[in-house]
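Taking it in order: structure first as structure tokens, then the write-up.
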Amino acid sequence: MSDGAVLHVKGQVLAGPDDVRDELWVVGGRISYDRPAGARDVTTVTGWALPGLVDAHCHVGLDAHGPVDAETAEKQALTDRDAGTLLVRDAGSPSDTRWIDDRADLPKIIRAGRHIARTRRYIRNYAWEIEPDDLVAYVAQEARRGDGWVKLVGDWIDRDLGDLAPCWPREAVEAAIAEAHRLGVRVTAHCFAESSLRDLVEAGIDCVEHATGLSEDLIPLFAERGVAIVPTLVNIATFPKLAEGGEKKFPRWSAHMRRLHERRYDTVRGAYDAGIPVYVGTDAGGSLAHGLVAEEVAELVAAGIPPLAALSATTWGARAWLGRPGLQEGAPADLVVYEADPRADVRVLAAPRRVVLNGRVVG
Numbered sequence: 068m069s070d071g072a073v074l075h076v077k078g079q080v081l082a083g084p085d086d087v088r089d090e091l092w093v094v095g096g097r098i099s100y101d102r103p104a105g106a107r108d109v110t111t112v113t114g115w116a117l118p119g120l121v122d123a124h125c126h127v128g129l130d131a132h133g134p135v136d137a138e139t140a141e142k143q144a145l146t147d148r149d150a151g152t153l154l155v156r157d158a159g160s161p162s163d164t165r166w167i168d169d170r171a172d173l174p175k176i177i178r179a180g181r182h183i184a185r186t187r188r189y190i191r192n193y194a195w196e197i198e199p200d201d202l203v204a205y206v207a208q209e210a211r212r213g214d215g216w217v218k219l220v221g222d223w224i225d226r227d228l229g230d231l232a233p234c235w236p237r238e239a240v241e242a243a244i245a246e247a248h249r250l251g252v253r254v255t256a257h258c259f260a261e262s263s264l265r266d267l268v269e270a271g272i273d274c275v276e277h278a279t280g281l282s283e284d285l286i287p288l289f290a291e292r293g294v295a296i297v298p299t300l301v302n303i304a305t306f307p308k309l310a311e312g313g314e315k316k317f318p319r320w321s322a323h324m325r326r327l328h329e330r331r332y333d334t335v336r337g338a339y340d341a342g343i344p345v346y347v348g349t350d351a352g353g354s355l356a357h358g359l360v361a362e363e364v365a366e367l368v369a370a371g372i373p374p375l376a377a378l379s380a381t382t383w384g385a386r387a388w389l390g391r392p393g394l395q396e397g398a399p400a401d402l403v404v405y406e407a408d409p410r411a412d413v414r415v416l417a418a419p420r421r422v423v424l425n426g427r428v429v430g
């Protein structure tokens, strides 16, 4: 498409869960619901259109061993884009990926800075590894480096206990979250187990990643405080293999991981039923491949979340939560077109017909 070209999307434009339009126009990279006067160079795409999908837990610039070079990060971002993911909340990365912001053909990224973990209590080469007395200072540092989010590691295996355990004393997370909020940023935390959750939520955390330890007694607290969860079920599917690998050295931890995996669907459905906001995230970029957003939506449906709500968790609802527009008049034209109605079967998301980013067809 030339700079003066107009894109016409017609069929079913899903501007919201209850807002379906017959068509939209893309003029100058932005959405219009009014036919442009005198348009000549018009490309028409037909099908069911959704806002560009959101992966709210993704790591561009990271692999299983730590930071990667720019070429590898570019491939990761392109894989996500071609899967329809046009907005990423990068939930912690040691890589500087600001150069992606200058690329109109790559997904938009909302960064949470680098993970902040307790010393020797997280994956090597991923996080700043510090002690509690330094937590406030590092939260302030990463708040300034990120895009409105900071990422803590809330729990990890304690080798002395042989099981998952909280990483931070309550007073440390209270002070750290208060500092983040003073600086105008939200805080999320990696949490697998049960034991760190109450302190984090009562300290004012905004979101919990994975949240496999969300038990029946904690669900009302999350709902009351409006704390969101990003379950990353495609990642939780790896727990049995992880447990098998750690069985001999950490049998207690292995048994715990299996229990968390076994109840994963009940945990997510219980959260949804209680009114806890649930969003789509894949945890791509560590040991998981990129481009799994459709699989994660399907996993939410398998857990019992209604298909329309699962779609919202990666489209309208997720974008509103992150403060980014969808298919509103005048918004950047970031959208994905499918051959069939994703409301009828979310598996349609696995096969985008067209991917439009910043008003250009890129896939």
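Residue numbers (this note's numbering): 68 to 430. Ideal placement from N, C-alpha and C gives every residue a C-beta, glycine not left out. The model shown is predicted, which means the values in this text are computed figures rather than measured ones.
Margin query: If you reduce the DSSP assignment to three classes, tell me which class residue 68 lands in.
Written below: Here the model assigns residue 68 a pLDDT of 49, short of 50, so the residue's position is not dependable and the matter cannot be decided.
Notebook entry, point to check: In whole angstroms, what separates the C-alpha of residue 68 from that of residue 427?
Noted result: Caution is warranted here: a pLDDT of 49 is assigned to residue 68, below 50, making its placement in the model unreliable, and the coordinate value is therefore given only provisionally. Computed Cα separation, rounded: 7 angstroms.
Check: Hey, residue 123 and residue 158: beta-carbon distance below 9 angstroms or not?
Finding: Yes; because the gap between Cβ atoms is below 9 angstroms, this pair is in contact.
Item checked: Through-space distance from residue 74 to residue 284, alpha-carbon basis -> 51 angstroms
Note to self: Taking a contact to mean a Cβ-Cβ separation below 9 angstroms, would you say residue 382 touches residue 120 in this structure?
What the structure shows: yes
Notebook entry, point to check: Short check: CB of residue 424 to CB of residue 81, under 9 angstroms?
Noted result: no
Margin query: Under DSSP, the beta strand (DSSP E) around residue 79 begins and ends at which residues?
Written below: The continuous beta strand (DSSP E) containing residue 79 extends over residues 73-83.
Check: Between the Cα of residue 291 and the Cα atoms of 356, 422, 273 and 364, which residue gives the shortest distance?
Finding: 273
Checklist line | CA-to-CA distance, residue 167 to residue 176, given in whole angstroms | finding: 8 angstroms
Margin query: Run through the DSSP bridge pairs and tell me what residue 90 is partnered with.
Written below: 77
Notebook entry, point to check: Thinking C-beta only, is residue 135 closer than 9 angstroms to residue 99?
Noted result: no
Checklist line | Alpha-carbon to alpha-carbon, residue 242 and residue 418 | finding: 45 angstroms
Note to self: Quick check on the burial criterion: 16 or more other C-beta atoms within 10 angstroms. Buried or exposed for residue 260?
What the structure shows: buried
Checklist line | Endpoints, alpha helix (DSSP H) assigned at residue 290 | finding: 286-292
Next item on the list: Reducing DSSP to helix, strand and coil, say where residue 253 ends up.
Entry: strand
Next item on the list: Determine the closest residue to residue 180 out of 430, 368, 210 and 154, with distance taken between C-alpha atoms.
Entry: It is 210.
Check: Nearest to residue 405 by alpha carbon, out of 422, 186, 319 and 390?
Finding: 422
Check: What is the DSSP secondary structure of residue 366, counted as helix, strand or coil?
Finding: helix
Next item on the list: Apply the 10 Å Cβ neighbour rule to residue 153 and answer buried if 16 or more other Cβ atoms are within range, or exposed otherwise.
Entry: buried
Notebook entry, point to check: If residue 409 sits next to residue 416, beta carbons under 8 angstroms apart, how far is it from one beta carbon to the other, in whole angstroms?
Noted result: 6 angstroms
Check: Is residue 187 closer than 9 angstroms to residue 317 when the C-beta atoms are compared?
Finding: no
Next item on the list: Take residue 420 and list the residues in its own chain whose beta-carbon comes closer than 6 angstroms to its own, dropping the five residues that flank it on each side.
Entry: 114, 404, 405 and 406
Next item on the list: With DSSP collapsed to three states, give me the class of residue 160.
Entry: coil
Notebook entry, point to check: Taking the alpha-carbon positions, what's the residue 229 to residue 378 distance?
Noted result: The alpha-carbon of residue 229 is positioned some 39 angstroms away from that of residue 378.
Checklist line | Given residue 288 as reference, the closest of 299, 266, 300 and 308 once Cα atoms are compared | finding: 266
Item checked: Span separating the alpha-carbon of residue 412 from that of residue 350 -> 23 angstroms
Note to self: Can you find the residues in the same chain that come closer than 8 angstroms, C-beta to C-beta, to residue 399, ignoring five residues on each side of it along the sequence?
What the structure shows: 96, 97, 98, 392, 425 and 426
Margin query: Is the separation between the beta-carbon of residue 369 and that of residue 332 shorter than 9 angstroms?
Written below: yes
Checklist line | residue 116 versus 79, 126 and 143, residue with shortest Cα-Cα distance | finding: 79
Next item on the list: Return the first residue and the last residue of the beta strand (DSSP E) that residue 114 is part of.
Entry: 109-118
Check: Taking Cβ to Cβ, would you say residue 307 is nearer than 9 angstroms to residue 325?
Finding: yes
Check: How about residue 148 and residue 347: are their beta carbons less than 9 angstroms apart?
Finding: no
Next item on the list: Report all residues from its chain with a CB closer than 8 angstroms to the CB of residue 220; omit the five preceding and five following residues, and keep chain order.
Entry: Answer for residue 220: 182, 183, 184, 185, 188, 189, 194, 234, 256 and 257, listed in chain order.
Next item on the list: Taking residue 309 as the reference, give the member of 354, 202, 212 and 282 with the closest Cα.
Entry: 354
Item checked: Closest Cα partner of residue 387 within the set 72, 160, 105 and 83 -> 83
Check: Among the residues of its own chain, which have a CB less than 8 angstroms from the CB of residue 102, if the five just before and after it don't count?
Finding: 92
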